[in-house]
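Residue numbering for the sequence shown follows the numbering used here, starting at 109 and increasing by one per position. Glycine included, every Cβ here is placed at the ideal spot set by N, Cα and C. Just so it is clear, the structure is predicted and the values come from calculations on it, not from any experiment. This report refers to the structure that appears directly beneath it.
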Amino acid sequence: MESDEIADSRSSSSGFTTTPVPESTQHPQTSANSPNNETQLAAARVRRKPIPRKGHTKSRRGCYNCKSRKVKCQENLPTCANCNRIGLVCKYPDPTPVKAAVARASVPTTSLPTPESCLQPVPAPNLFSMDDLRFFHHFVVNAYPPLPIKRDDIWRDVAAISYGFDYLVHAMLGLAASHLSLYGQDYTSQALSHRVQAIQALNKSLSKPCSSRAEGDARFAAIFTLTFQASCMPEGMVEFLSMVRGCHIVAEHSMSSFEASAFKSFTANGYTNSIRKLIAPGGVVEPADVHLFDGFSMSLRALGPLCKSPLEIRFLASTQRIMNLTKVSILESFAQFTSLYDIISESDSDEFASFTEPTNYAAQLLLIHFMLIEYLIGEAALGDAGGRFGFRRRVCIAWLNRLADTLPPEYQTYLKWPKKYCELLRHQKNPLVLKKSGPSNLTSVTPSPS
């Protein structure tokens, strides 16, 4: 016994522990209830085979209270669940600068920003550029559509509701960009980008029923703005007519009620009546020098043998009727141009596709005559009220030049008079000037001095 105690004291003093001996190999004289046996059984229970690790389960950025209590912290901000449950003040260690910024961004705060934070660059959503701000201002001031005549208030109201309709905003920006491009600045890429986005968004909107008057006004304003953008594009003559048809379709089928719309007066009859109101009581417009009008009348008659389809024949006849009406009243003839647009709008899809086919040279010649005659009569009829149509001069010249470049040689002769008129437009600021004549309050048309 004494030797055993000495051995035990040596082993404990050396810092080593003996490996427990299995119960079956113990000395038979050792009692099961002896202190040594109990110690060995306890050691055996503690030193069972370890369980493989399941990975890290403790929180790495826990609060001070959870760390001191050695419990897992949920890391909730601003107070973890443990501290919230037992009513402790929860406090976290200072994180690294990047993590601190993330933590602060995730916690709502009512504190004012520091001067240093105000100087830091803040990324903004890349929706509209500085050019777009200029386009919006230019639309509101100069580039909004000139129709309805003397109803600028309608387009101010349109601009006021545009924030709720993305297709309307893009249409407005596209028209302004195209309008600026006519006067020496190249914004054609921005104009096309906004035009595409406007058409895509408008088509998506038109696939659903109209939900309100404001949405109906936004739809019509957008298609109308896209129509006038086409009239600002050097290659947009045919697209302009396509958009005119689009205006008719939107007004008929995609507005809750056109009669309740802000554009309710912009019907065929309403437009004609608004033009007639521009005529002074008893005033009649009679051209004193009619060589411009006679020149277009003769050029239209020369197109007669080329027109074959019913749509071409109707369009030519209506244009000639309007030219004859100028001998009675230029203002009345200008008001009647709506009938020509109605012919285009009411034609079926096959007729319109054939009429606007690039190789349909008879129709192309009809269209360029129509556009130039409308500009000629509009300048004479509206006077100061037609000042906002001034951009059409540049566009008409561009449309004529494009047609002259593509027209086969055998058709070039039909462009002689349109080319002469465009040459006049190119070199004279006011090719046609209206002058009051005598006490009868009649208005005559004379060429402006060169």
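- Task: Pick helix, strand or coil for Y522, following the three-state DSSP scheme.
- Result: Three-state result, Y522: helix.
- Is there contact here, the segment 462-472 with the segment 481-489, by at least three beta-carbon pairs under 8 Å? No, because fewer than three Cβ pairs between the segment 462-472 and the segment 481-489 fall closer than 8 Å, the two stretches do not touch.
- Three-state secondary structure (DSSP) of R169: Secondary structure at R169: coil, using DSSP grouped into helix, strand and coil.
- Item | Cβ contact check for the segment 256-265 and the segment 298-315: 3 or more pairs under 8 Å | Because the criterion of three Cβ pairs below 8 Å is not met, the segment 256-265 and the segment 298-315 do not touch.
- Query: Short check: CB of L283 to CB of A299, under 9 Å?
  - Reply: Yes, the Cβ-Cβ distance between L283 and A299 is below 9 Å.
- Message: Only counting the same chain, and skipping five residues up and downstream in sequence, which positions put a Cβ closer than 7 Å to that of S462?
- Response: Answer for S462: S417 and N468, listed in chain order.
- Residue environment, R193, which counts as buried when at least 16 other CB atoms sit within 10 Å: With fewer than 16 Cβ atoms within 10 Å of its Cβ, R193 is classed as exposed.
- Exposed or buried, which one is Q293 when buried takes at least 16 other CB atoms within 10 Å? The residue is exposed, with fewer than 16 neighbouring Cβ atoms inside 10 Å.
- Write down the C-beta distance between Y529 and L480 rounded to the nearest angstrom, noting that I regard them as a contact closer than 8 Å. Separation of the CB atoms of Y529 and L480 is rounded to 6 Å, and the pair is thereby assigned contact status at 8 Å.
- Closest Cα partner of R559 within the set S447, A443 and D402: There is no way to answer for residue 559, as the model of the chain reaches only from 109 to 558.
- Residue range of the alpha helix (DSSP H) that S237 falls in? Per DSSP, S237 is not a residue of any alpha helix (DSSP H), being assigned neither H nor E.
- For D458 and T333, the rounded distance between their alpha carbons: So the alpha carbons of these two residues sit roughly 26 Å apart.
- With C-beta atoms as the reference, is F348 less than 9 Å away from P254? Result no, Cβ atoms of F348 and P254 do not sit closer than 9 Å.
- Item | Closest by C-alpha distance to S441, when choosing among E482, P413, L408 and E465 | For the residues E482, P413, L408 and E465, the minimum Cα distance to S441 belongs to E482.
- Item | D402 - containing alpha helix (DSSP H), residue span | Looking at the DSSP string, the run of the alpha helix (DSSP H) that includes D402 is H399 to L411.
- With a Cβ-Cβ cutoff of 9 Å, do T434 and F460 count as a contact? Against a cut-off of 9 Å, the Cβ pair of F460 and T434 comes out as no contact.
- Task: Starting from the Cα of F371, find the closest Cα among F404, L414, E323 and S455 and give me that residue.
- Result: Checking every option, the nearest Cα to that of F371 belongs to E323.
- Taking just the CA atoms, how far does N432 sit from K385? Those two C-alpha atoms are separated by around 21 Å.
- Message: Short of 7 Å in beta carbon distance, which residues of its chain neighbour L94, apart from the five on each side in sequence? Order them along the chain.
- Response: Lying outside 109 to 558, the shown extent of the chain, residue 94 is not represented and no answer is given.
- Task: For Y295, count neighbouring Cβ atoms within 10 angstroms of its own Cβ and tell me buried if that reaches 16, exposed if not.
- Result: Buried, because 16 or more other Cβ atoms sit within 10 Å of the Cβ of Y295.
- Task: Output the distance between the C-alpha atoms of A213 and E183, rounded to the nearest integer angstrom.
- Result: Any reading at A213 must be qualified, since the residue scores a pLDDT of 46, below 50, and its modelled position is unreliable; no value is offered.
- Spatial neighbours of A232 within its chain, please: CB distance less than 8 Å, with the 5 preceding and 5 following residues excluded, ordered by chain position. For A232, the predicted structure reports a pLDDT of 47, less than 50, and the residue's modelled location is therefore unreliable. The matter cannot be settled from this model.
- Task: With DSSP as the reference, label N509 as helix, strand or coil.
- Result: DSSP, read as helix, strand or coil, puts N509 in helix.
- Measure from the alpha carbon of L439 to the alpha carbon of each residue in R242, F243 and N381, then state which is nearest. Answer by Cα proximity: N381.
- With T333 as the anchor, note down where its alpha helix (DSSP H) starts and where it stops. Taken as a continuous stretch (DSSP letters only), the alpha helix (DSSP H) holding T333 covers R321 to A338.
- Please name the residue in G378, V352, L290 and S289 whose C-alpha comes closest to that of A443. Of the listed residues, the one whose Cα sits closest to A443 is G378.
- Task: Please go through the same chain and pick out, in chain order, the residues whose beta-carbon is closer than 6 Å to the beta-carbon of R496, but skip the five residues on each side of it.
- Result: Only P254 meet the Cβ criterion.
- Message: With the cut-off set at 9 Å, would you say D325 and S297 are in Cβ contact?
- Response: No, the pair does not count as a contact, with Cβ atoms beyond the cut-off.
- Which residue from R353, V197, V179 and A309 puts its Cα closest to that of T187? Ranked by Cα distance from T187, the first of R353, V197, V179 and A309 is V197.
- Message: So, with DSSP's three-state summary, where would you put T464?
- Response: Reduced to three states, the DSSP call for T464 is coil.
- If you count every other CB in all the chains shown that lies within 10 Å of the CB of V249, and 16 or more means buried, which is it? With fewer than 16 other Cβ atoms within 10 Å, it is exposed.
- Task: Taking V436 as the reference, give the member of V398, F404 and F374 with the closest Cα.
- Result: When only C-alpha atoms are compared, the closest one is V398.
- Task: Look at the alpha carbon of R327 and the alpha carbon of Y200, and state the distance between them as a whole number of angstroms.
- Result: R327 and Y200: Cα-Cα distance of roughly 55 Å.
- Query: Can you list, in chain order, the residues of its chain whose CB lies under 7 Å from that of V346, leaving out five sequence neighbours each side?
  - Reply: Only T464 meet the Cβ criterion.
- Message: Between which two residues does the alpha helix (DSSP H) holding A488 run?
- Response: Segment Y469 to L490, the alpha helix (DSSP H) holding A488.
- Between A330 and C181, what straight-line distance do the alpha-carbon atoms span, to the nearest angstrom? A330 and C181 have their C-alpha atoms some 57 Å from each other.
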